[in-house]
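**Student:**
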Amino acid sequence: MNNQEIYKLLRDKLVELRYLNPDEILNETDNLLDLGLDSMGLITIIIEMEAETGIEVPDSELVLDNFSTISAFQDYFLRND
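If you count the sequence shown from 1, position 79 lands on 79 in UniProt numbering, and the numbers rise without skipping.
#1: Could you please give the first and the last residue of the uninterrupted alpha helix (DSSP H) stretch that includes threonine 29?
#2: Quick check on this structure: which residue in Arg18, Thr29 and Leu62 has the alpha carbon closest to the alpha carbon of serine 39?
#3: For threonine 29, is the classification buried or exposed, using 16 other Cβ atoms within 10 angstroms of its Cβ as the cut-off for buried?
#4: Between the alpha carbons of methionine 1 and leucine 26, how many angstroms are there, rounded?
#5: Jot down the residue ranges of each uninterrupted alpha helix (DSSP H) in the UniProt domain "Carrier" (4-81), minimum 4 residues, whole runs only, in chain order.
#6: Which same chain residues end up closer than 8 Å to threonine 69 when comparing Cβ atoms and leaving out the 5 residues on each side of it in sequence?
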């Protein structure tokens, strides 16, 4: 898995859950909470990313620093791949 694949997976999930319009531009450094993503939405996306990647996120690592931006998601899933 690479940065582009993680970006696409995450972006698709944000669109699917209606946090992002399909034609909206999303930068890797944009804060996902600014899109209206709440804790339940974030957990939903993390669970779906776990299923897609086969990487399990321990409860102890469910912190905003790991998942507040696309770049943070990419770093986390690449580091734990």
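We treat Cβ as the ideally placed atom computed from N, Cα and C, and that holds for glycine. Note that the coordinates shown come from a computational prediction; the quantities given were computed from them, not determined experimentally.
**Tutor:** Taking the geometry as given:
#1: Threonine 29 -> no alpha helix (DSSP H), and no H or E assigned at all.
#2: Leu62
#3: exposed
#4: 20 Å
#5: 39-53, 64-67 and 70-79
#6: Glu28, Thr29, Asp30, Asn31 and Leu32
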